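See structure below.
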Amino acid sequence: MKGKGLLISKNGIAYIIILLLVNMMFPAVHGDTNFAYAEEMNGAASLTTSSSVSIEDFENGANLYASSARANAVTLTMSGRPGPVRNGYQSGALAYDFTGTLGTSAAYINFKDADGSAGRTLEGSPQKLGMWVYGDGNNHWLRAQLQDASGKKTTTDFTGSGGLSWTGWKYVTASVPAGMQQPIKLTQIYIVETNDNNKNGGILYFDRLSAFYTDLSMYALDFRGLTPMKSGDSMQAKVYGTSSGSTEPIEVTGGVIYASSDPTIATIDESGLVKALQPGTTTISATAANAPQALFTLTVTAETPMPRSIELSAPGTLAVGDSDTVKVFAAYPSNSEPIEIVSGVSYLSSNPEVAAIDMTGKLKAMKDGEAVITASFGGQTSNYTLTVKKPVPILQKIELAEMKAMNVGQTQQAKVSATYSLMNEPVDVTGSSTYKSSNPDVARVDSNGTVTALKVGATRITASYGGKYSDKMLVVNQPTAMPKRELRAAWIASVENIDWPKKGVVTPEEQKRDFAKMLDELQALGMNAVIVQVKPTADAFYPSNYGPWSEWLTGVQGKNPGYDPLAFMVEEAHKRNLEFHAWFNPYRVSMQDQIDKLVAEHPARQHPDWVLAYGGRLLYNPGIPAVKDFVIGSVLEVVKNYDIDGVHMDDYFYPYPAAGVDFPDEDTYRQYGGGFDNKADWRRNNVNGLVQQLSSAIHREKSYVKFGISPFGIWRNKADDPTGSDTNGLRNYDDLYADTRTWIQQGWLDYIVPQIYWNFGYSPAAYEKLIDWWTKETQGKNVHLYIGQAPYRIGSADPTWQKPDELPNQLVFNRNFETIRGSMFFSAKDLLANPLGFGNRLKQDLYPYRALIPAMPWLDAQAPTAPVLQAAVRQEGGVELTWEGGGSRDEAYYVVYRFEGKEVPGLEHPEAIVASVRKAGNAAVQKIVDPVAADGKTYTYVVTASDRLHNESAASNKITVANEKDRKAPVTTATLEGEQRNGWFISDVTLKLTAIDEQSGVERTEYSLNGGSQWQLYRDPLLISKEGSHTVSFRSTDKAGNTELLQSVVVSIDKTPPVIQWTGAGEYTVDQRVLVVCTATDTVSGVVYSSCGRPLIDQPGYNLPLGTGTVTATAQDQAGHTTVTTATYTVRVTYGSLGNVTRQLVTGPGGHGVVNSLVKKLEHKQIDAYIHEVSALQGKKIPAELGDLLIRLAQALN
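Sequential numbering from 128 applies to the sequence shown in our numbering.
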């Protein structure tokens, strides 16, 4: 539907380039290096490979000639060295002079075949063209024109507009459009200049033009370092590759495979070393991945080969301090092209003080003057005169800074900077420049560069300084408020899967997902309507009696996609309250021209007499009455069966003309054209009849369904009709037979959308001039004027469209005109790609508020009854609004307004529109939540009802609400259940959390058992059974998002009494000390009382009763658990232990003898004697009490 180039029309599928000149189309009118060329000439066998073919070597120019458009002079000559030559002996020098001309200028190199016929026939079907171009830095546009077998001419670009900006050599490529019918001819290579302020002169050099047939990473491989050789000599070859954009070939150091076609003559090893073996000729080749093969015809002779001449390639002028290199090329009898000599050359300067040259040929300019530079090689000598000048800064260019759009009455200061050679930074020359406004009625500029905006329009501000010019377009607007009503629509093209469905996405689920996502994103950009292509090529996006299922749905024409895409799309659009316009291409049958490729049941196959092939496509013949009826029926099928809001057609009625080929309907004209003096009037009548009858049929079927067309942007040029637009391009009336003026004047359309896809100031078709024409043409008519805008051009190669303000300026400019009711954008994918931030500009600056679609009172002027607003209540997430419709049968949607404060100042405030809500079925009561109401504000709400044609009711009653936001966090209480003693639970514990929020309500309660590192959602009471102290953290969040500070509760559980452990409870003899102790422990709550604080028994065994004794210990923990436990010990007497006691206790004077006597008796177990002796000594040498003890112990041994 749209395309690229000078004048682009919408095609919905492919891009058709229309060149705007007087006759609608353009009339077919230093330093170099020469490597051994891959294609030897002059009778040598062809050495080309299948990946590339030479088109032109620019050696003799026999089948080339120059022509021009709006130029003072253009010449083409073959130029030799020392001037720029890339390969061979000569290059093509195209000299041009556009100085002072107005309008689009061009200089052409025209190609002929060997037989003199126009155009150079290309072998097969190349993918690209490539050539070396020596640029002059004049910023023109380099293009080529191709012609296919049908005569259709197509342009392709080597650069974008202004892109020929370099100086010196550069390798450039251009793509050959796919699908061109063979044989293809190259008719022209040319430069174009559309900017009147860049009309200059210069010389461009062209060399080595080739065609390429595969995808290549390098477009040429060339040998360097090879010359004819003498038997027995060796020579190192190197290979250099040329890529697109190269300024010099780059050495290829890896992945090269070398070969010699006759190794008996010469060999070449894997490093490129060539050894000459015997006289003869061989072909040396080099192959690298994804590049044409490099070939060199090597001649080996018995004697040293000598050149017949040498040539120099060198600069004629240098500035002091500059350096450059002299290159030497030798012509050998055995080779058709000169060969660069890289070693063995002797150089001499006649005046080294002026210019010095070293042994490698490097020049150094020393001081101003002249020097003769001489080179010698192989017995040949060549020289030239070099002029050295003093370095002087030279003005290269000036740049006028971008001019921001202005409102009437505003001023703006122009800023101009100059760029000089030898200077690192631009120089401000604002005060020294002169200025001019192309339209001083719109804005004037004074001598200081101060610009004053005077009235709505566009003007070109030009600055000049030092013979250089720079200009910028300036747009002047009238300050306007943001409109409440404005159509904002996106075209969604389905043909060739431009926008939707995506290519290869064929499942219903994926297609539905992608379409819904696209609608959401378009609505977020401010769109309120979509124009969806439902019948792109005589096939359908719905089950149809007028065509098969579209191939763009499944990849296969006629295949059922598994759902009804049109029904789905309409429903999804209406869910979002977007208008849905069904877009039809009435006559296009197929994007190719073979009818047998259509499915058998296709109507075109059933009625082949309806079908014509033209321009590589199949079309229904508009001149056949049955075709018109068929097209009308196919549209009405959708109008009847689907809930669409509009029927839309674009610019495709009669097809865009293929150059030199008329649409083949002569037989049809003879059959049906009676009563018409010429075919053109008959064709226009065919289209007019379709438009008129279709309009009537649509409105008879459903009066609310709109009918609109989006034609090419020019009705007629002033040159054709004084009432036409001030343009110079292809015409609807004369070339497409679409009489848009008649459609408007007769009221056949509800809206018209001229595709004005050009920029402000574009000389063939300036945006501002076309806006002026269309607004006047539709003024006072029952038709809405929308403008077709071109986001697809943003960021393209055209420098104008690389400026982010171009399209935003157009949208703002449109609002100066009441007649313009909105815009349509081609296409959805380009909008959503946000080129140069345009999507952001829409959301933030251009479409910051919602807009309603303008009403069409000629279709319906009756508004619905106002609804009743029942409630506006602050709820979680915003203010909930409830209303009841007014009961009108045609209520389609509602508009909700929110005003700050307690008053309603009026409905003409787009910033007050909260939402436009589609009516939900037949429900009387509707609800929405306004989520963006600011907290703490007081708002007043009203609601209106609209019908499908956007007639809006009066406002409902108003309701004022104080929007108090919940700022208070919930409060959570923890409850513990279980048996408790002394602050400790002695049973399992149940923890219950209860949260309260009196405003928005509790959203969730969470708890954590690890200090808040991990949180778990609280759902049911927690049972805690593990002993110990547990800290449970908890918090709650309300529905307003308030979260309380972290709370916690400690749960202490001890279900186990203390533990007492005994030490020393065992058997003792009387001579041992009896020590019985206990230890009380409690690992949970801890011991608070214990009798184990000291030893329970700590005495000598002889002091204790003999036999078994018992001790008791008691302990109690913090939780109140008590443990009481006993332990036993035993004391006994033995002869030995009694002896030890005797020794221990019997002391004093004479005691030693007594002890010995007593112990002896025990040793002999004489207990009675022992007792007798103790008794005898008792009270004398043995104290009485001790005597009783010893006797008691001894008696225990009996």
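Glycine included, C-beta positions come from ideal geometry on N, C-alpha and C.
Keep in mind that this is a model prediction, so the values were computed, not measured.
9 angstroms Cβ cutoff met for residue i and residue j
i, j, result
"Ile980", "Gly949", "yes"
"Thr514", "Thr444", "yes"
"Tyr779", "Asn748", "no"
"Tyr860", "Arg868", "yes"
"Leu256", "Ala220", "no"
"Val1197", "Leu1265", "yes"
"Asp94", "Gln1305", "Because residue 94 is not part of the residues shown, which for the chain are 128 to 1325, the question remains open."
"Gly251", "Gln274", "no"
"Ser450", "Lys489", "yes"
"Lys491", "Ala482", "yes"
"Leu269", "Tyr223", "no"
"Lys903", "Gln872", "no"
"Gly840", "Leu897", "yes"
"Gly399", "Val427", "no"
"Arg197", "Leu229", "yes"
"Asp284", "Ala271", "yes"
"Tyr562", "Val554", "no"
"Ala620", "Pro663", "yes"
Backbone secondary structure at residue i - three-state DSSP
i, result
"Phe953", "coil"
"Gly1155", "strand"
"Tyr673", "coil"
"Arg1146", "coil"
"Lys1287", "helix"
"Ile1123", "strand"
"Asp899", "helix"
"Tyr164", "With a pLDDT of 29 at Tyr164, under the threshold of 50, the predicted position of this residue should be treated as unreliable, though the coordinate-derived value follows. Looking at Tyr164 - three-state DSSP - the assignment turns out to be coil, as it is neither helix nor strand."
"Lys1292", "coil"
"Glu1300", "helix"
"Phe695", "helix"
"Asn84", "Here the chain has residues from 128 to 1325 only, and residue 84 is not among them."
"Val814", "helix"
"Lys491", "strand"
"Asp349", "strand"
"Val1069", "strand"
"Thr681", "helix"
Buried versus exposed, by CB contacts within 10 Å (16 or more), residue i
i, result
"Lys531", "exposed"
"Ala1321", "buried"
"Tyr192", "exposed"
"Leu614", "buried"
"Asp485", "exposed"
"Val814", "buried"
"Arg1200", "exposed"
"Asp972", "exposed"
"Lys1307", "exposed"
"Gly1048", "exposed"
"Lys595", "buried"
Assumed close pair residue i, residue j - CB separation to whole angstroms, cut-off 8 angstroms
i, j, result
"Asp1115", "Pro1185", "Contact flag wrong, Cβ pair sits at about 21 angstroms."
"Val716", "Ala731", "5 angstroms"
"Gly329", "Asn265", "5 angstroms"
heavy atom of the ligand GDP below 8 angstroms from residue i C-beta
i, result
"Asp789", "Absence of the ligand GDP from the depicted structure is noted, as is the absence of any ligand whatsoever, leaving it without description."
ask   = Does the segment 295-309 come within contact of the segment 367-374, defined as at least 3 CB pairs closer than 8 angstroms?
value = yes
key: Validate contact between the segment 1067-1077 and the segment 972-992 using beta carbons, cut 8 angstroms, 3 pairs   = yes
inquiry  = Whether or not the segment 931-942 and the segment 960-979 are in contact is what I'm after, with contact meaning three or more pairs of Cβ atoms, one per stretch, closer than 8 angstroms; do they touch?
reply    = yes
task = Could you tell me whether the segment 845-862 touches the segment 787-798, where touching means 3 or more Cβ pairs closer than 8 angstroms?
result = no
query = Are the segment 304-322 and the segment 237-244 touching, with three or more C-beta to C-beta distances below 8 angstroms?
reply = yes
Validate contact between the segment 523-530 and the segment 594-614 using beta carbons, cut 8 angstroms, 3 pairs = yes
task = Taking 8 angstroms as the threshold, find out whether the segment 744-764 comes into contact with the segment 634-654 through three or more Cβ pairs.
result = Counting C-beta pairs with one atom in each stretch, the segment 744-764 and the segment 634-654 have fewer than three that are closer than 8 angstroms, which means they do not touch.
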